[in-house]
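The opening residue of the sequence shown carries number 1 in UniProt numbering; numbering runs sequentially from there. Glycine is no exception: its CB is placed at the ideal position from the N, C-alpha and C atoms. These numbers come from a predicted model, not from an experiment.
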Amino acid sequence: MSNSVAVIAKFSAVATHSPAPVKPEFGGVKLGHFQFVEETKKEELGEVKESPGLISHNNFWYIYHKGQFCAVYYTGRVLNIDSTTKVATEVAASSVIDGGRGVHQKILVVTGKTPTTKPASGTRMLLQQTTSVPKLLVKDDLPVHGVSEVIVGVLGGGQLGRMLCQAASEMAIKVMVLDPLVNCPASSIAYDHMVGSFDDSATVQEFAKRCGVLTVEIEHVDVATMEKLEQQGVDCQPKASTIRIIQDKYLQKVHFSQHGIPLPEFMQIDDLEGAKRAGDLFGYPLMLKSRRLAYDGRGNAVAKSEEELSPAVNALGGFGRGLYVEKWTPFVKELAVIVARGRDNSISCYPVVETIHKENICHIVKAPAHIPWKIRKLATDVAHKAVSSLEGAGVFAVELFFTEDGQILLNEVAPRPHNSGHHTIESCYTSQFEQHLRAVLGLPLGDSSMKTPAAIMYNLLGEDEDSPLHSWVGALGLGLAFRFGEPGFHLAHQLIGRALNIQGANVHWYDKPEMRKQRKMGHITIVGPSVSIVEARLKSMLKEEGSESQTAVTPRVGIIMGSDSDLPIMKDAARILNMFGVPHEVRIVSAHRTPEMMFSYALSAWDRSIQIIIAGAGMVASLTPLPVIGVPVRASALDGMDSLLSIVQMPRGVPVATVAINNATNAGLLAVRMLGVGDADLLARMSQYQEDTRDDVLKKAEKLQTDGWESYLNP
């Protein structure tokens, strides 16, 4: 062994598109770029073994042979590169050495002449595959990120693949999709489209040869082939081990249970007797689920009694397909968290959202979820912990139950972008699709926070051909039905036309050639300054043309008073809110005569999307997390000083913003300013109001100066 060998060539999974080298797992990198990353004496790595010397250090393997350096990883073939001609040739099977794990495995041996000096910073060596033989090239000018040099291969070309391609086109990233449909949604946008099945081994292997990194838009792929590809050095993100766990929902439950993730109780069932035992243990109703190929409402069946177990099993295709059961979970809301995980294991969580389902398919998503802060944090923590237990980079969707007793239970995880994250295209600084590309390529994760105060996503779902045109009365009270073929497309286009007239609405059409029942045809996202406003806009969009029903606008401000005698004062706040177009409500709520009403109002205001309360007294502030503006109302005895002092002397921890006695006008203006912090349009109108007020004063000053005070007072 030559003592001059000091530079270790180490493979980096993302050396061409990461700001810093990322250590690969042993055997987990694709034949591609590698980089000189450290200078170390051989004795610091360990004892040199038999020729060629095999050295283990930090779970990576290196070979020294005849004074040359060698980089090593699993691959299924063995190549040797001549140090003079730089031509790669196959090495005889007898040259295969022990991989150090008790079995003989094939190793890629890349050798070259030992550099006499340390390569310049940033130098990379590229083993370039050609139609003949690979050649070893040295390049000094490869960009650190090099996103344009890497083709991202996506197994699946549905709507998720389509939106990945759309995001990639804005990032100079090439995305190639594998999908059996010639006219799949992603086909018209992708850099390239290979027609073929993503669960066919030979097809997936051929597809992988054309890609720098392999990812999925659907988890129901040939995971055995992905595992084989990883052993051959193909870069799969997330890892095949993660896909295998997620594919089988029972194994998914077992995995998360072993990692301390809170779950509904569950058990595997192999026959009807096992299902009956589960019913005895968990009670009814009982949720039966398929272990595999279950998504978008498929693979679930509910048995309300023991008599319904057999029909439920039959509906799921029998025990031969693999079934398990879950204890019924009474929930308040269904929640979801999109979680991004980088190749460096960094994690970024998007805001918690509420998902509303129609026939077990995601239909409406509200962002952010209207839940207490502690529940939001708990949901985020559970999602973070769940994704941390998996392997590989990418975007993951964590679906959760918020139960009646205040628990957060994990429902399931998807190892890809998800329906619950579509709103991020418009509502967040980094969409889930851009984030997924960043993650799998080793780029820095983007900002996952919302750039708009509120968003709501509405799925365009297909309906049955023979079902009558009807309104779906859901969480928002309205909806729209679609039908097969042209009638369904016509209805969809009508709705899209209405959406284009809605402020903040964004239409996404997936360009699917055929409409089927419950098929996802597109989605519409509406963004706005508050939850109440985006919900009102959605209701307006869904309202059928010609309908005489009027949809009430959800109030943003509540004005409450103890008696109707306060109304002549409090009406000034309402007048200001009317002037600025702020929806509001006016109520009589006496803390002394009807305390239960005051409690009920204060506790429910936030749930009803009210954002600010203007009150004639301050006690309501002790019962709500919302900002309260107090208006001291003048009484006959103490000229309102009693009211003023009672409001401004609220105890520490119960803040009330207080205006002057009887000055409800300022209360209204202060409410508008508070709302304007998250509403640019409202803030602009407030600025204009201030300009108008200033102009009025200047006009009065000019008139006084021109006419004199006597004429001014007696026009």
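#1: For the beta strand (DSSP E) containing Glu150, list its first residue and its last residue.
#2: So, at 8 Å on beta carbons, what are the nonlocal neighbours of Val223 in its own chain, with the 5 sequence-adjacent residues on each side left out?
#3: Classify Ser348 as helix, strand or coil using the three-state DSSP reduction.
#4: Go ahead and pull the three-state DSSP assignment for Glu326.
#5: Along the alpha helix (DSSP H) that carries Ser643, what are the first and last residues, could you check?
#6: Anyone know if the C-beta pair for Met267 and Val325 falls short of 8 Å?
#7: Specify whether the segment 448–464 and the segment 358–372 touch according to this definition: at least 3 beta carbon pairs, one from each stretch, less than 8 Å apart.
#8: Where do the ends of the alpha helix (DSSP H) carrying Asn314 lie?
#9: Locate the beta strand (DSSP E) running through Ser290, then write down its first and last residues.
#10: What does the alpha-carbon distance come out to for the pair Ala621 and Gln407?
#11: Could you tell me the boundaries of the alpha helix (DSSP H) in which Tyr250 lies?
#12: State the start and end residues of the unbroken alpha helix (DSSP H) segment that holds Cys165.
#13: Tell me where the beta strand (DSSP E) around Tyr458 begins and ends.
#14: Measure the CB-CB distance between Thr329 and Pro264 and report whether it falls below 8 Å.
#15: Can you give the beta carbon distance from Val213 to Leu272, rounded, assuming they're within the 8 Å contact cut?
#16: Between the beta-carbon of Gln432 and the beta-carbon of Gly446, is there less than 8 Å?
#17: Give me the Cβ distance between Ala664 and Met598, rounded to the nearest whole Å; I'm assuming they're in contact under 8 Å.
#18: Where does the unbroken beta strand (DSSP E) through Thr424 begin, and where does it stop?
#19: I'd like the list of long-range same chain contacts for Cys165, defined as Cβ closer than 6 Å, with 5 residues on each side in sequence excluded.
#20: Tell me whether Glu230 sits in a helix, a strand or coil according to DSSP, three-state version.
#21: Name the one or two DSSP bridge partners that Thr658 has.
#22: Suppose you measure from the CA of Val633 to the CA of Val395; what does that come to, to the nearest Å?
#23: Checking the sheet assignment: what are the DSSP bridge partners for Leu335?
#24: Can you grab the Cα-Cα spacing for the pair Glu702 / Tyr689, in whole Å?
#25: Excluding the five sequence neighbours on either side, which residues of its own chain have a C-beta within less than 6 Å of the C-beta of Ala536, listed in chain order?
#26: Is the beta carbon of Val150 sitting closer than 8 Å to the one on Leu437?
#27: Taking the straight line between their C-alpha atoms, what separation do you get for Phe319 and Asn411?
#28: Can you give, in chain order, each stretch of the alpha helix (DSSP H) that sits fully within the segment 498–556 and has at least 4 residues?
#29: Quick one: is Met287 buried, meaning 16 or more other Cβ sit within 10 Å of its Cβ, or exposed?
#30: By the three-class DSSP mapping on this structure, what secondary structure does Asn300 have?
#31: May I ask you to list the residues that DSSP assigns as paired with Phe266?
#32: Just list the residues that DSSP pairs Thr215 with in beta bridges.
#33: List the residues that DSSP assigns as beta-bridge partners of Arg685.
#34: Can you give me the start and stop residues for the beta strand (DSSP E) that Met176 sits inside?
#35: Identify every residue that forms a DSSP beta bridge with Cys362.
To lay it out plainly:
#1: According to the sequence shown, residue 150 is Val rather than Glu. Looking at the DSSP string, Val150 is not in any beta strand (DSSP E), and its letter there is neither H nor E.
#2: These residues qualify, in order along the chain: Ala240, Ile243, Arg244, Gln247.
#3: In this structure, Ser348 counts as strand in the three-state DSSP scheme.
#4: Assignment of Glu326 by DSSP, reduced to helix, strand and coil, places it in the strand class.
#5: Start and end: 641–648.
#6: It is a contact, given that the beta carbons lie within the stated cut-off.
#7: Contact between the segment 448–464 and the segment 358–372 is present, because at least three Cβ pairs lie under 8 Å.
#8: Start and end: 309–315.
#9: Residues 286–290.
#10: Using only the alpha carbons, I get a separation of about 27 Å.
#11: Here the alpha helix (DSSP H) through Tyr250 covers 249–258.
#12: It spans 159–169 - the alpha helix (DSSP H) in which Cys165 sits, taken as one unbroken run.
#13: Annotation: the continuous beta strand (DSSP E) that includes Tyr458 extends over 454–461.
#14: Cβ atoms of Thr329 and Pro264: closer than 8 Å.
#15: With 8 Å as the limit, Val213 and Leu272 do not qualify as a contact, their Cβ atoms being about 45 Å apart.
#16: Cβ distance not < 8 Å, so Gln432 and Gly446 don't count as in contact.
#17: Between Ala664 and Met598 the beta-carbon gap is near 19 Å, outside 8 Å, which marks them as no contact.
#18: Looking at the DSSP string, Thr424 is not in any beta strand (DSSP E); the run it does join, the alpha helix (DSSP H), is 424–427.
#19: Contacts found: Val175, Ala186, Ile189, Ala190.
#20: Glu230 falls in the helix class under three-state DSSP.
#21: Beta-bridge annotation (DSSP): Thr658 is paired with Gly630.
#22: Cα-Cα distance, rounded: 54 Å.
#23: Bridge partners of Leu335 according to DSSP: Glu354, Leu400.
#24: Cα to Cα, Glu702 sits roughly 20 Å from Tyr689.
#25: So the list reads Val553, Thr554, once near-sequence residues are dropped.
#26: Taking 8 Å as the Cβ cut-off, Val150 and Leu437 do not qualify as a contacting pair.
#27: Going by the C-alpha atoms only, they are around 22 Å apart.
#28: Counting whole runs of 4 or more residues, the segment 498–556 contains the alpha helix (DSSP H) stretches 531–542.
#29: Burial call: buried.
#30: Three-state result, Asn300: strand.
#31: DSSP lists Glu326 as partners of Phe266.
#32: DSSP lists Val154 as partners of Thr215.
#33: Bridge pairing for Arg685: absent [DSSP].
#34: For Met176, the enclosing beta strand (DSSP E) begins and ends at 174–179.
#35: Beta-bridge pairing links Cys362 to His357.
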